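Residue numbers (the numbering used here), protein chains in the order written: chain A, 140 to 234; chain B, 140 to 234; chain C, 140 to 234; chain D, 140 to 234; chain E, 140 to 234; chain F, 140 to 234; chain G, 140 to 234. Heads up, the beta-carbon is just placed ideally off N, CA and C, and yes, glycines get one too. Predicted model only: the values in this text are computed from it and were never measured. This report concerns only the one structure given below.
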Amino acid sequence: MKLQPLADRILVKRLAEETKTKGGIIIPDTAKEKPAEGEIVAVGPGRNAEDGTKIALEVKVGDRVLFGKYSGTEVKIEGEEYLIMREDDVLGIVQ
Amino acid sequence: MKLQPLADRILVKRLAEETKTKGGIIIPDTAKEKPAEGEIVAVGPGRNAEDGTKIALEVKVGDRVLFGKYSGTEVKIEGEEYLIMREDDVLGIVQ
Amino acid sequence: MKLQPLADRILVKRLAEETKTKGGIIIPDTAKEKPAEGEIVAVGPGRNAEDGTKIALEVKVGDRVLFGKYSGTEVKIEGEEYLIMREDDVLGIVQ
Amino acid sequence: MKLQPLADRILVKRLAEETKTKGGIIIPDTAKEKPAEGEIVAVGPGRNAEDGTKIALEVKVGDRVLFGKYSGTEVKIEGEEYLIMREDDVLGIVQ
Amino acid sequence: MKLQPLADRILVKRLAEETKTKGGIIIPDTAKEKPAEGEIVAVGPGRNAEDGTKIALEVKVGDRVLFGKYSGTEVKIEGEEYLIMREDDVLGIVQ
Amino acid sequence: MKLQPLADRILVKRLAEETKTKGGIIIPDTAKEKPAEGEIVAVGPGRNAEDGTKIALEVKVGDRVLFGKYSGTEVKIEGEEYLIMREDDVLGIVQ
Amino acid sequence: MKLQPLADRILVKRLAEETKTKGGIIIPDTAKEKPAEGEIVAVGPGRNAEDGTKIALEVKVGDRVLFGKYSGTEVKIEGEEYLIMREDDVLGIVQ
């Protein structure tokens, strides 16, 4: 069982933000909004352009991404917590 | 008797949100807005693009979908409660 | 004598909302905004697309439609009350 | 001497709203915004589309129209009061 | 020496608004925003459409125009006061 | 050393606004926002249209321009103060 | 390890703003929002136009840029602080 996001939405598994992540990104502890890190587990088919064509996403399943701390909507699937957000909420891909 | 939604609207039968649903999705009990689950019972013919063509919906009758808890407008048809919402209010399809 | 709506506007005769309507739709009595039911008595020629072409309406004279309770502007024609609204205010067609 | 409206604007002579008009439209006396009735005395050449072409108006000089009570800007020409408004402020044509 | 307006801007010499103007327009003294009258002394080359082409102005130097009382920005050139405004602020041309 | 503005931005050297400028423009002393005068010292390559083409600027280096008093962002280059603003902030070219 | 920005975003290493920078730009100490200076260390593939094509960025890795003081989102990569922002936040390139 899985969840298929619509349009330009993606399903993200948030990574623990208390520790230094595998990717080596350390989230600074300041007053500004801080980005969070996660792994993409499902992607939508893409955004609909005005002329009806699909614009494919730049991100893909397996990408580790940074996104705004308060981006997306939380959902639990088979006991695991995920986030559904739009691709535009993704700041960058960790490589 | 039924209700035919216009444009990119869909008619959704909300599923009980107190229990673990058949699809296995458990809605987490947090302060953030939580998505609800439902089954699509009717879909509109699609959104009108700027050039007048129809952009068909991605969802179809029978799809089980997640949507924002406060999305849509309530309506009763022959004693049953439904929600009319836009396809864009749908976060993803449960598979 | 009649009133010809402009562009994507329609003229609607509101149906009594206190009782169960002929179409079998019962409006639930909740705190949320509730849709109202009416019959279309006149339609405009359609919305102007950016390139100047007309986009014809999906609804037609005689359709029974649901719309937001506070949609439209009231007007009296020969003693009868009507509502002028945009097609986008219509949630669905009762069939 | 006259006033030539620009783009999609029209010049309207408001009709007395206290009495039942010639067209038979009676404005209901409720708390909602009520439309007013007038006759078009001049029309602009049309709105400019994004590609520079003109989109001709649907209304023409002589049409009796309904419009929002607070639509338009008042102006006096040779002692007579008129309203300048956009065609989109017109709700419908009285026939 | 003169001022060349950019894009769809025009330079207007405001006419005295206390007296009945040559054009015969009398500004009514009500609480609503009242239009003012002026003569166009310079026009821009036109607005840039999305595809980069110019959309020429409808008004030209010498036109007497009505515009919203608070439209535009005041500027003095060689001791004379003018207004710089966008063509869209013009309500109509006095003929 | 210089600063190359991006897109439709320009770099402007503000002229003293206390005295009558060379161009003969006297800024009136009223409560309304008053335009300021400056000389363009650098221009960007132009705005990106929706289809990816560049829309060249109407102004060029050396033009004396009027702009809104609070337009732009201040920056110091080698001890001299400049303003970076968008071309749309320019009201007109002094000739 | 690095961070690949999405779409029209860029990754910027902020330069110390207390001293006169190498590029010779001195940030004035006024009440207005002051621009900051930085060096671009990574750029996204470009913004998606409405028709699905990419619009390449004007800036490139190595460019020294000015940007609004509060632009972008802070992130730490391997102990170093960076800013992720959109290209539109860049005011100009220091040359």
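Supposed close pair V214/F, P174/G - CB separation, criterion 8 Å: As a first step, residue 214/F is located in the sixth sequence; it is residue number 75 there, counting from the start. As a first step, residue 174/G is located in the seventh sequence; it is residue number 35 there, counting from the start. With a Cβ gap of about 6 Å, V214/F and P174/G count as contacting.
Interface flag, V180/F vs chain G, CB-CB below 8 Å: The residue given as residue 180/F occupies position 41 in the sixth sequence. In terms of beta-carbon proximity, V180/F stays away from the interface with chain G, with every pair separated by 8 Å or more.
From G201/E, E197/E, I149/E, Q143/E, residue whose alpha carbon lies closest to that of E178/E: Position 39 of the fifth sequence, counted from the first residue, corresponds to residue 178/E. Nearest C-alpha to E178/E: G201/E.
Cβ pair G211/B, L196/B closer than 8 Å: Walking along the second sequence from the start, residue 211/B turns up at place 72. Walking along the second sequence from the start, residue 196/B turns up at place 57. For G211/B and L196/B, no; Cβs fall outside 8 Å.
For E226/D, the three-state DSSP class (helix, strand or coil): Looking up residue 226/D in the fourth sequence gives position 87. Three-state result, E226/D: helix.
Proximal residues to E219/A (C-beta, below 8 Å), its chain only, five neighbours per side dropped: One-based indexing of the first sequence puts residue 219/A at position 80. Only K152 meet the Cβ criterion.
P184/B in three-state terms, based on DSSP: Translated into the one-based positions of the second sequence, residue 184/B becomes position 45. Looking at P184/B - three-state DSSP - the assignment turns out to be coil, as it is neither helix nor strand.
Contacts around Q143/C, its chain only, beta-carbon distance under 7 Å, and the 5 residues preceding and following it disregarded: Residue mapping note: residue 143/C aligns to position 4 of the third sequence, counting from 1. Excluding positions up to five away in sequence, the list reads A181.
Selection from E217/E, F206/E, I216/E, E189/E that minimises the alpha carbon distance to E226/E: On the fifth sequence, residue 226/E is found 87 positions in, with the first residue counted as 1. With distances taken between Cα atoms, E226/E lies closest to F206/E.
Contact under 8 Å by Cβ, N187/B with I194/C: By 1-based counting over the second sequence, the position of residue 187/B is 48. By 1-based counting over the third sequence, the position of residue 194/C is 55. Yes. Within cutoff.
Contact with chain G by E189/F, beta-carbon distance below 8 Å: Numbered from its first residue, the sixth sequence carries residue 189/F at position 50. With 8 Å as the cut-off, E189/F counts as an interface residue toward chain G.
Residue from L150/E, G231/E, L230/E with nearest C-alpha to Q184/E: Stepping through the fifth sequence from its first residue, residue 184/E is reached at position 45. It is Pro, not Gln, that sits at residue 184/E in the sequence shown. Per the Cα distances, L150/E.
Cβ-based neighbour list, V198/C, same chain, cut-off 8 Å, excluding 5 preceding and 5 following: Within the third sequence, residue 198/C is the residue found at index 59, counting from 1. Correct list, in chain order: I149, I179, V182, V204, E226, V229, I232.
Between the CA atoms of T192/A and D147/A - distance to the nearest angstrom: If you number the first sequence from 1, residue 147/A lands on position 8. If you number the first sequence from 1, residue 192/A lands on position 53. Roughly 13 Å between the two C-alpha positions.
Three-state class that DSSP yields for T212/B in the structure shown: Here the question's residue 212/B lines up with position 73 in the second sequence. Of the three classes helix, strand and coil, the one that applies to T212/B here is strand, per DSSP.
The beta strand (DSSP E) enclosing G218/D, as first and last residue numbers: Counting from one through the fourth sequence, the residue named residue 218/D turns up at place 79. Neither: G218/D is in no beta strand (DSSP E) and is coded neither H nor E.
Chain-ordered chain F contacts of A146/E [CB-CB under 8 Å]: In the fifth sequence, the residue the question calls residue 146/E occupies position 7. E197, D227, listed in chain order.
Short-range partners of chain E found in the stretch 211 to 223 of chain F, where Cβ spacing is below 8 Å: none
Sub-8 Å separation of L154/D and E176/D beta-carbons: To locate residue 154/D, count along the fourth sequence from 1; it is residue 15. To locate residue 176/D, count along the fourth sequence from 1; it is residue 37. Yes, they are a contact pair.
Nearest-angstrom Cα separation, counted from M224/C out to K208/C: Translated into the one-based positions of the third sequence, residue 208/C becomes position 69. Translated into the one-based positions of the third sequence, residue 224/C becomes position 85. So the alpha carbons of these two residues sit roughly 11 Å apart.
Limits of the beta strand (DSSP E) - the one that V204/C falls within: The residue labelled residue 204/C in the question sits at position 65 within the third sequence. Residues 203 to 207.
Residues that M150/A bridges to, as DSSP identifies them: Working through the first sequence from its first residue, we reach residue 150/A at position 11. Sequence inspection shows Leu at residue 150/A; the Met mentioned does not correspond to that position. Paired residues: A181/A, I223/A.
A155/D in three-state terms, based on DSSP: Counted from its first residue, the fourth sequence places residue 155/D at position 16. Three-state DSSP puts A155/D in coil, outside helix and strand.
is_contact[P184/D, chain E] using C-beta, thresh 8 Å: Here residue 184/D is taken as the residue at index 45 of the fourth sequence, counted from 1. It does: the Cβ of P184/D has a partner Cβ on chain E nearer than 8 Å.
Min CB distance K152/C to chain D below 8 Å: Along the third sequence, one-based indexing puts residue 152/C at 13. Not an interface residue.
Same chain, Cβ closer than 6 Å to L145/A, neighbours up to 5 away in sequence not counted: In the first sequence, the residue the question calls residue 145/A occupies position 6. Cβ neighbours of L145/A beyond the five flanking positions: G183.
Separation of Q234/C from K141/C, as counted between CA atoms: By 1-based counting over the third sequence, the position of residue 141/C is 2. By 1-based counting over the third sequence, the position of residue 234/C is 95. Approximately 26 Å between the Cα atoms of the pair.
Cutoff 8 Å: I149/C Cβ touching any chain B Cβ: Here residue 149/C refers to the residue found at position 10 when the third sequence is read from its first residue. So, not an interface residue.
Any C-beta of chain A under 8 Å from that of K208/G: In the seventh sequence, the residue the question calls residue 208/G occupies position 69. Taking Cβ atoms only, chain A never reaches closer than 8 Å to K208/G, which makes this a no.
Backbone secondary structure at E176/D - three-state DSSP: Indexing the fourth sequence from 1 puts residue 176/D at position 37. DSSP places E176/D in strand when its eight states are reduced to three.
Boundaries (first-last residue) of the beta strand (DSSP E) holding Q143/E: As a position in the fifth sequence, residue 143/E is number 4, starting the count at 1. Taken as a continuous stretch (DSSP letters only), the beta strand (DSSP E) holding Q143/E covers 142 to 144.
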